[in-house]
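*Asks:* One point on numbering: in this note's numbering, the residue at position 102 of the sequence shown is 309, and numbering is uninterrupted. Have a look at the structure that comes next, please.
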Amino acid sequence: MLSFSNIDFSKSSLLHTIIHALKKIDKNFSSSYVLSDIRNKIKEAKIYVLVETISELQVKKLLDLFFFRWKFGGAKKKYQLSDMLWIDKVLKTRQGIALSLGILLMHIAEEIDLTLTPILFPTQLILKYFYSDKCTWYFNPLDGETINHRTLDMWIKGNISPTSELKKSDLEESTPILILKKLLNTLKTSLIEEKKMELALNTSNVLLEINPNNPYEIRDRGLIYAQLECYNASLQDLNYFIEKCPDDPISELIKIQIHTIEQKKTNFH
């Protein structure tokens, strides 16, 4: 059984770790479908991509296969964000966000001996490929389009602040554990917005397996417990946050939330 408290990514791939996490969050998650479909796609990719012998051309063939033949891409109509993150649904609909599509693309590339490096850019996941000692190719896992530094700088200015500038640190490689946590945090947020509180609670508990006793994650779990009317558990978590982070600006809001929950608990009883 995979342990989230001490994940060894040299023994378990990022995708397989994510599959295990999603199955733990939702027992209806179709891990068997994901594993079968991915195996088939890897076989097809080997045939289609490896006719090329130059790695740069292999990457171009992989992107062509992924985005134009398999037709993966962003949502084509109104959607729930969580549907863009459950990997089984992404594979069935061929629709996802940069994060989920990037994870699939990286895994398929790795299985055919191509290395795509993930970067958790301030706005979204992007991928890069080194095709010589001095050349780096950045592209968008949402559509496969090449991204240059000017575009990345515009993303920063448009999404962060007009005065912000692209920094070297914005383009640092992200570790598998950071990608996993980003996916789970994004899933948790979307499930809360969609009022799927039991699944949100399960997601929070998986995040706490990865990072036990994290006061911010325990705070979030406490707020989820409150929505589920589990008032004792909620108060325990929220008070833990206040104890560990008394100077955090949000602590005053949490104290108000605690008072509200105590009143609800009294009325409930």
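Think of the CB as a built atom: it goes at the ideal place given N, C-alpha and C, for glycine as much as any other residue.
Counting only runs that start and end within the region 295 to 356, where is the alpha helix (DSSP H) found for 4 or more residues in a row?
*Replies:* With a minimum length of 4 residues, the continuous alpha helix (DSSP H) runs that stay inside the region 295 to 356 are 305 to 318.
*Asks:* Measuring only the C-alpha atoms, how far is Thr473 from Pro456?
*Replies:* Using only the alpha carbons, I get a separation of about 27 angstroms.
*Asks:* Residues in the same chain with beta-carbon distance under 8 angstroms from Phe477, minus the five sequence neighbours each way, listed in chain order, please.
*Replies:* Nothing about residue 477 can be reported from this structure: the residues present for the chain run from 208 to 476 only.
*Asks:* Relative to the ligand MG, is the shortest distance from any of its heavy atoms to the C-beta of Leu442 smaller than 7 angstroms?
*Replies:* The ligand content of the structure shown is nil, which means the ligand MG is not present either.
*Asks:* When you compare only the Cα positions, how much space is there between Thr396 and Tyr345?
*Replies:* If you take the alpha carbons of Thr396 and Tyr345, they lie about 28 angstroms apart.
*Asks:* Name the residue from Asn446, Leu394, Lys402 whose alpha carbon lies nearest to the alpha carbon of Leu288.
*Replies:* Closest option to Leu288, Cα to Cα, is Leu394.
*Asks:* Would you mind sorting Ser217 into buried or exposed? The rule is 16 or more other CB atoms within 10 Å of its CB.
*Replies:* Exposed, since its Cβ has fewer than 16 Cβ neighbours within 10 Å.
*Asks:* Assign Ile214 to buried or exposed, taking buried as 16 or more other Cβ atoms, counted over all protein chains shown, within 10 Å of its Cβ.
*Replies:* With 16 or more Cβ atoms within 10 Å of its Cβ, Ile214 is classed as buried.
*Asks:* Would Ile158 pass as a contact of Val241 if the rule is Cβ separation under 8 angstroms?
*Replies:* The structure shown does not extend to residue 158, since the chain is modelled only from 208 through 476, so no value can be given for it.
*Asks:* For chain C, is any of its Cβ atoms less than 8 angstroms away from the one on Thr393?
*Replies:* Absent from the structure is chain C; it holds one protein chain and no more.
*Asks:* Could you name each continuous alpha helix (DSSP H) segment of 4 residues or more that falls completely within the region 214 to 273, going from the start of the chain to the end?
*Replies:* For the region 214 to 273, whole alpha helix (DSSP H) runs of length 4 or above, ordered along the chain, are 221 to 232, 238 to 256, 262 to 271.
*Asks:* Nearest CA to the CA of Leu435: which residue from Asn412, Ile417, Ala407?
*Replies:* Checked all of Asn412, Ile417, Ala407; the closest Cα to Leu435 is Ala407.
*Asks:* For Lys374 versus Ile319, is the C-beta spacing smaller than 8 angstroms?
*Replies:* For Lys374 and Ile319, no; Cβs fall outside 8 angstroms.
*Asks:* Name the residue from Ser220, Leu430, Lys388 whose alpha carbon lies nearest to the alpha carbon of Glu416.
*Replies:* For the residues Ser220, Leu430, Lys388, the minimum Cα distance to Glu416 belongs to Lys388.
*Asks:* Within the continuous alpha helix (DSSP H) that includes Gln434, where are the two ends?
*Replies:* Its alpha helix (DSSP H) spans residues 422 to 434.
*Asks:* For Phe236, which residues in the same chain have their Cβ closer than 7 angstroms to its Cβ, ignoring the five residues on either side in sequence?
*Replies:* Hits under 7 angstroms: Leu229, Lys230, Trp293, Asp295.
*Asks:* Go to Asp444, then tell me how far its alpha helix (DSSP H) extends in each direction, as first and last residue.
*Replies:* Asp444 -> alpha helix (DSSP H) spans 438 to 451.
*Asks:* With DSSP as the reference, please indicate the residues paired to Gly280 in a beta bridge.
*Replies:* Gly280 pairs with Gln302.
*Asks:* Alpha carbon to alpha carbon, how far is Ile333 from Leu308? Give it in angstroms, no decimals.
*Replies:* If I take the Cα positions, the gap works out to 10 angstroms.
*Asks:* Note down the Cα distance separating Ser371 from Ile326, rounded to an integer number of angstroms.
*Replies:* Roughly 18 angstroms separates the two Cα atoms.
*Asks:* Tell me whether Lys268 is buried or exposed, calling it buried when 16 or more other Cβ atoms sit within 10 Å of its Cβ.
*Replies:* Flag for Lys268 reads buried.
*Asks:* Are the beta-carbon atoms belonging to Tyr447 and Ser441 less than 8 angstroms from one another?
*Replies:* Not closer than 8 angstroms, so no.
*Asks:* Does DSSP classify Trp362 as helix, strand or coil?
*Replies:* Here Trp362 sits in helix by DSSP.
*Asks:* Helix, strand or coil for Ser381 per DSSP?
*Replies:* Correct three-state label for Ser381: coil.
*Asks:* In chain order, what residues of the same chain have a beta carbon less than 8 angstroms from the beta carbon of Ile354, not counting five sequence neighbours either side?
*Replies:* So the list reads Ile333, Tyr345, Phe346, Asn347, once near-sequence residues are dropped.
*Asks:* Would you call Glu405 buried or exposed, if buried means 16 or more other Cβ atoms sit within 10 Å of its Cβ?
*Replies:* By the neighbour-count rule (16 or more Cβ atoms within 10 Å), Glu405 is not buried but exposed.
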